[in-house]
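Structure, as structure tokens:
Number of protein chains: 2
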Amino acid sequence: MARIVMKFGGTSMAGIERIRNVANRVKHEVELGNEVAVVVSAMSGETDRLVNFCREASPLYDPREYDVVVSSGEQVTSGLLAIVLQSMGVKARSWLGWQLPITTSDAHASARIEEINSDAIGKAMSSGEVAVIPGFQGLTEDQRITTLGRGGSDTSAVAVAAAMKADRCDIYTDVDGVYTTDPRIVPKARKLAKVTYEEMLELASVGAKVLQTRSVGLAMKEKVRVQVLSSFDEPTDNPTPGTMIVSEEELEGSAMERQLITGIAYDKNETKITLTQVPDRPGAVASIFAPLAEANINVDMIVQNVAHDTGSTDVTFTVPSAELARSLDVLERERGKIGYEKLVHDTNVAKISVVGVGMRSHAGVASKMFDALAQRGINVLAITTSEIKVSVLIHEDYTELAVRVLHTAYGLDAEDAA
Amino acid sequence: MARIVMKFGGTSMAGIERIRNVANRVKHEVELGNEVAVVVSAMSGETDRLVNFCREASPLYDPREYDVVVSSGEQVTSGLLAIVLQSMGVKARSWLGWQLPITTSDAHASARIEEINSDAIGKAMSSGEVAVIPGFQGLTEDQRITTLGRGGSDTSAVAVAAAMKADRCDIYTDVDGVYTTDPRIVPKARKLAKVTYEEMLELASVGAKVLQTRSVGLAMKEKVRVQVLSSFDEPTDNPTPGTMIVSEEELEGSAMERQLITGIAYDKNETKITLTQVPDRPGAVASIFAPLAEANINVDMIVQNVAHDTGSTDVTFTVPSAELARSLDVLERERGKIGYEKLVHDTNVAKISVVGVGMRSHAGVASKMFDALAQRGINVLAITTSEIKVSVLIHEDYTELAVRVLHTAYGLDAEDAA
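Quick mapping for you: the protein sequence lines, in order, are chains A and B.
Quick note, the numbering used here runs 62 ahead of the 1-based positions in the first sequence.
Quick note, the numbering used here runs 62 ahead of the 1-based positions in the second sequence.
Listed below in structure tokens is the structure:
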């Protein structure tokens with residue numbers, strides 16, 4: 063017998079027929095003798111509908127009231143899943159965020175989970191009752207509803223798994239696991255049996271949209287074993303394995319099979335901003351990035367060109383495209399302090415990343431990347447590296463070509479697999 | 063300065079533009095210096111959508127989970143109205159049923175309000191903040207969400223008004239008040255300035271669908287002054303008066319203007335059931351109505367014909383048409399005990415009622431009714447009377463004619479008014 067948390071996204075919860083499929087899958091786990099908690103999203107499209115109501119009500123909506131409105135989507139699916147489970151003879155009840163409670167910070171619309179009281183559901187689950195928990199929602203200390211920000215249901219699921227010391231947290235998604243890269247671009251992409259938390263963080267944040275980044279970070283911190291599975295397979299005793307997200311230590315056991323590189327990710331949602339002729343003096347760079355940080359804008363790749371003869375330099379960096387307007391606002395307001403000549407931006411860029419814990423012990427990963435891209439005439443506009451990742455910025459038109467070239471160069475194509 | 067509760071139904075809350083109209087009306091009351099609580103329904107159509115989800119999930123849904131699902135509609139409109147009010151510069155916040163709390167019985171899907179803790183909203187309102195409260199919902203002692211049954215938002219509004227000792231409870235509806243009868247049938251129908259709780263109960267329960275019956279009963283018990291108003295008028299300093307629902311004592315002041323009869327109501331949702339040749343012995347009638355009462359079926363008009371020579375009698379009564387199938391079930395199951403010959407029913411009937419506290423002190427109201435109907439050749443199938451009401455059952459085809467004839471006979475037509 064194991065304690066497991068199952069999480070289903072909006073596509074799986076869109077309408078009663080799909081909720082019945084979810085319930086069948088839950089029932090199957092119960093019949094295997096497991097204690098089960100289920101974390102659910104709102105029906106797909108519902109959160110958008112509710113968010114749009116709030117925006118229409120006022121572009122400057124009170125986030126506390128926004129949370130009251132948008133949290134209702136998961137409330138509905140929780141109740142409905144409990145009803146369907148009962149109709150199949152499975153004991154079940156819904157537990158809303160305020161009922162457990164799931165205590166969060168008071169950063170409404172993007173709250174952080176602080177504590178989950180699992181006493182009540184622990185007792186219920188021990189008695190064989192499935193606990194159905196709406197994702198995405200929580201409660202502040204002063205008893206107001208919060209939401210965790212878009213995609214927060216993954217985080218809810220991992221947090222519930224941590225609180226109840228679950229043996230496993232199964233995240234059912236539209237895909238059947240984590241691949242070496244996007245299979246729509248590279249048909250030879252392979253599904254990974256295991257991936258480390260760190261790799262998953264890099265893959266998720268650069269575009270492999272399988273799991274919300276925050277949920278992976280939380281899983282890593284709380285050592286929750288997360289499995290990504292397809293919600294479309296029929297539940298069977300021998301399910302198609304998904305991808306397990308595990309610690310580096312657990313991965314060691316299967317080290318023989320490891321490649322140098324685990325996967326190739328890409329992200330077309332970055333915009334390149336360049337400030338020309340910034341005075342080349344101490345503090346100049348800080349005067350650019352401090353106000354952006356204050357405005358909560360996440361700057362990613364930064365390149366400072368060699369100083370011109372004039373004693374000035376060009377500074378290039380990327381921001382999420384969604385933050386472009388706000389970034390330009392901030393930079394224009396700070397123009398006097400920074401002292402740049404021109405402010406230019408380019409949305410037609412893409413970030414390509416090779417990710418793998420294997421590169422910790424191997425040199426030459428980056429140079430192999432530059433070689434492979436250069437051979438195809440792909441120009442690198444910027445570079446960043448971390449311990450387990452090398453990212454380059456290229457023109458957006460070359461995205462698919464770059465991903466394919468690198469997938470082959472690092473020996474990730476399916477026919478190369480053992 | 064007064065403390066008022068304003069209640070808006072689903073039509074008024076259907077979409078942000080309409081919610082903005084509601085907010086304007088609330089703002090107007092705040093600017094007059096009033097302390098305001100607003101009770102809101104879900105957007106029109108939303109509760110039906112949610113109820114249908116539950117039915118689709120399982121016809122035998124758990125009412126506790128049903129309440130989790132359907133209460134979300136009012137949660138959404140509460141948050142949205144608070145946002146819109148804030149955007150107009152009016153301080154406001156939503157208070158969900160579990161946040162106040164509004165404590166109810168645990169009869170899920172048709173719970174009764176037991177207590178409303180108005181400490182928090184009282185404080186908030188004193189500081190000039192509008193309290194936005196979702197109607198229809200409450201909380202059991204063991205912290206589960208309840209709903210009050212369809213139309214329960216009127217009851218919520220009256221209960222909130224009672225709890226905070228409000229000076230007035232304004233119910234905004236599709237109509238601009240209570241009329242002497244349905245103006246679609248009698249264009250000369252007049253709007254009543256005042257009507258007593260008792261009259262309103264009779265008018266509501268026989269078809270004047272302005273206010274939920276339960277809310278009127280509660281208003282009477284708690285002595286809440288209820289005003290029915292049109293939600294379509296523009297808010298002004300001299301609003302078109304609606305209809306005040308008041309105690310009989312308060313009405314006395316305006317007794318001069320009182321008519322003998324206050325209004326004429328009709329109800330086409332009754333079905334006539336006849337059991338033929340029931341043995342004419344003690345206990346025979348009880349054997350019919352006891353099992354119907356046990357099945358919670360509300361029997362209304364009862365007529366027992368003169369006994370046949372055979373020592374048997376025909377018993378005729380009405381039930382709500384929605385309960386017909388269940389009624390026939392019960393009666394067929396009990397056939398052996400009751401011992402009737404035939405069970406026949408007729409859905410083509412209508413109940414016409416004349417209502418008025420004035421008839422307490424006047425004889426001849428009923429005979430005037432029978433005369434007026436007889437002159438037009440309308441056959442009376444059954445009769446019931448109460449202290450302030452006389453009702454007759456007629457063939458449904460004569461409904462409109464009967465209402466018009468009686469409206470004129472009792473001097474209610476507009477041109478007859480002083």
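Cβ atoms here follow ideal geometry from the backbone N, Cα and C, with glycine treated the same way.
### Task
Measure from the C-beta of A/Cys-231 to each C-beta in chain B and report whether the shortest distance is under 8 Å.
no
#### Entry: Residue ranges of each beta strand (DSSP E) within the region 227–286 of chain A, 3 or longer
230–235 and 256–258
### Task
Return no unless some Cβ of chain A is closer than 8 Å to the Cβ of B/Ala-387.
no
### Query
Taking the DSSP output, what are the residues bridged to A/Met-306?
A/Lys-256 and A/Gln-289
### Query
What does B/Ala-131 reach in chain A if we use C-beta pairs closer than 7 Å?
Note on residue identity: the sequence assigns Val, not Ala, to residue 131 of chain B. Correct list: Val-138, Gly-141 and Leu-142.
#### Entry: Residue range of the unbroken beta strand (DSSP E) whose run includes B/Glu-176
175–178
### Query
Under a Cβ-count criterion, where at least 16 other Cβ atoms within 10 Å of its own Cβ denotes burial, should B/Glu-296 be classed as buried or exposed?
exposed
### Task
Quick one: list the residues of chain A neighbouring B/Phe-115, beta-carbon separation under 8 Å, in chain order.
Ile-78, Val-138 and Leu-142
### Message
Starting from A/Lys-334, trace the beta strand (DSSP E) in both directions and tell me its first and last residue.
### Response
332–341
### Proximal residues to B/Glu-284 (C-beta, below 6 Å), its chain only, five neighbours per side dropped
Ala-224
### Query
Looking only at its own chain, which residues have a Cβ that is under 7 Å from the Cβ of B/Leu-505, when we skip the five neighbours before and after it?
Nothing in the structure corresponds to residue 505 of chain B, since chain B is present only between 63 and 480.
### Task
Could you work out which residues of chain A lie near B/Ser-120, taking near to mean beta carbons separated by less than 8 Å?
Ile-145, Val-146, Gln-148 and Ser-149
### Message
Within 10 Å of its beta-carbon, does B/Phe-70 have 16 or more other beta-carbons around it, so buried, or fewer, so exposed?
### Response
buried
### Task
Buried or exposed for A/Ala-479, please, with buried defined as at least 16 other CB atoms from any protein chain shown within 10 angstroms of its CB.
The predicted model places A/Ala-479 with a pLDDT of 44, which falls under 50 and marks its position as unreliable, so this point remains unresolved.
### Task
Could you tell me which chain A residues have their CB closer than 8 Å to the CB of B/Gln-199, listed as they occur along the chain?
The premise fails here: B/Gln-199 is roughly 12 Å from chain A at the closest Cβ pair, so nothing lies under 8 Å.
### Message
Three or more C-beta pairs under 8 Å: does that hold for the region 181–189 of chain A against the region 114–128 of chain B?
### Response
no
#### Entry: the region 205–230 of chain A: positions lying closer than 7 Å to chain B by Cβ
Gln-205
### Query
Does any CB atom of chain B fall closer than 8 Å to the CB of A/Asp-244?
no
### Query
Buried or exposed: which applies to B/Glu-403, given that a residue is buried once 16 or more other Cβ atoms fall within 10 Å of its Cβ?
exposed
#### Entry: Classification of B/Phe-294 by the beta-carbon crowding that lies within 10 angstroms, buried from 16 upward
exposed
### Query
Going along chain A, which residues have a C-beta under 7 Å from B/Tyr-123?
Ile-145
### Task
Please compile the residues from chain B whose C-beta is within a distance smaller than 7 Å of the C-beta of A/Ser-134.
Ser-134, Gln-137 and Val-138
#### Entry: CB-CB length for B/Val-101 against B/Val-290, believed under 8 Å
Going by Cβ atoms, the distance from B/Val-101 to B/Val-290 rounds to 14 Å, so no, they are not a contact pair.
### Message
Between the alpha carbons of A/Val-146 and B/Ala-144, how many angstroms are there, rounded?
### Response
34 Å
### Check whether A/Ser-349 and A/Glu-396 have beta carbons under 8 Å apart
yes
### Message
Any contact between the region 127–134 of chain B and the region 149–164 of chain A? By contact I mean 3 or more CB pairs, one from each, below 8 Å.
### Response
yes
### Query
What's the gap between the Cα of A/Ala-255 and the Cα of B/Arg-82?
54 Å
### Message
Against chain A, does B/Leu-112 count as a neighbour if the rule is that its beta carbon must be under 8 Å from one of theirs?
### Response
yes
### Task
Please determine, among B/Thr-243, B/Asn-410, B/Gly-190 and B/Asp-408, the residue with the shortest C-alpha to C-alpha distance to B/Leu-474.
B/Thr-243
### Query
Roughly how many angstroms separate the alpha carbons of B/Tyr-259 and B/Ile-66, rounded to a whole number?
19 Å
### With 16 other Cβ atoms within 10 Å as the buried cut-off, status of A/Ser-218
buried
### Task
Measure the beta-carbon distance from A/Ser-415 to A/Ser-453 and round it to whole angstroms, keeping in mind my assumption that it falls under 8 Å.
4 Å
### Query
Which stretch, first to last residue, makes up the beta strand (DSSP E) that contains B/Leu-455?
451–457
### Task
Check the Cβ of A/Ser-156 against every Cβ in chain B and list those closer than 7 Å, keeping chain order.
Glu-127 and Val-130
### Message
I'd like to know whether the C-beta of B/Gln-161 is nearer than 8 Å to at least one C-beta of chain A.
### Response
yes
### Query
Where does A/Thr-372 fall in DSSP's three states?
coil
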